[in-house]
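Take 147 as the starting number for the sequence shown in this note's numbering and just add one per residue.
Glycine residues also receive a C-beta, built at the ideal position from the N, C-alpha and C atoms.
Model, not experiment: these values are computed from the prediction.
Input: a single structure, listed below in structure tokens.
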Amino acid sequence: MCTPAILDAPREQVTVEVLSPLGVLPDRQRRGIGSALVRRAVELLAERGVPALFLEGDPAYYGRFGFQAGGPLGYRRPSLRIPPAGFQVLQLPAHQPWMTGTLVYPPVFWEHDLVGLRGERLAAAISATALPE
Ligand SMILES: CC(C)(COP(=O)(O)OP(=O)(O)OC[C@H]1O[C@@H](n2cnc3c(N)ncnc32)[C@H](O)[C@@H]1OP(=O)(O)O)[C@@H](O)C(=O)NCCC(=O)NCCS
């Protein structure tokens with residue numbers, strides 16, 4: 147699923163998209179379905195002129211599609227509970243260099259408490275990655 151969100155850029159707010167959730171039933175995994183879903187989502191959003199697609203996820207999986215850590219590119223994650231390396235972005239053709247800033251999730255993400263990790267899972271994810279706060 148992709149959901150619109152706001153990138154609070156210094157010049158003006160920009161509507162971007164967040165890829166979440168992505169799921170393939172366990173007995174259907176490792177057949178290319180997840181990859182096909184990500185690639186088609188990226189294609190559709192690029193056609194629609196969306197400038198960037200963000201997500202929270204494992205860089206080992208999403209790196210293959212061109213996603214990069216958002217922090218070094220000038221983006222701020224919506225919560226400190228998202229491990230820095232897990233906060234990733236894919237800049238699409240409509241992206242312009244001024245489009246940086248804080249990603250603001252829509253209310254539905256908070257209403258369902260779907261943001262980031264807590265407790266031991268958060269500590270483990272942060273210690274497993276090299277990116278600083
Ligand atoms: C992640 C997920 C969507 C991948 O779907 P899929 O249809 O199995 O993906 P594909 O068949 O396209 O790709 C499988 C490859 O991804 C790898 N992979 C899957 N999850 C991974 C992860 N967390 N980290 C690194 N690699 C991962 C597999 O090892 C496999 O690698 P290979 O091609 O070298 O064998 C699926 O495993 C899933 O639904 N997981 C549970 C929900 C989840 O974690 N969603 C992501 C939330 S951010």
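When the five nearest sequence neighbours on each side are left out, the beta carbons in the same chain lying within less than 6 Å of the beta carbon of F213 are those of Q234, L236, in order along the chain.
Counting only unbroken stretches of 3 or more residues, the beta strand (DSSP E) elements lying wholly within the stretch 167-216 are 198-202, in sequence order. The continuous alpha helix (DSSP H) containing G265 extends over residues 265-273.
For ligand 1, no non-hydrogen atom lies closer than 7 Å to the CB of Y251.
Counting along the chain, the unbroken alpha helix (DSSP H) around P253 starts and ends at 253-257. A residue is called buried once 16 or more other Cβ atoms fall within 10 Å of its Cβ, and T248, having fewer, is exposed. In this structure, D154 and V254 do not form a Cβ contact; the two beta carbons are roughly 18 Å apart against a cut-off of 8 Å. A direct Cα-to-Cα measurement between P229 and A271 gives close to 6 Å.
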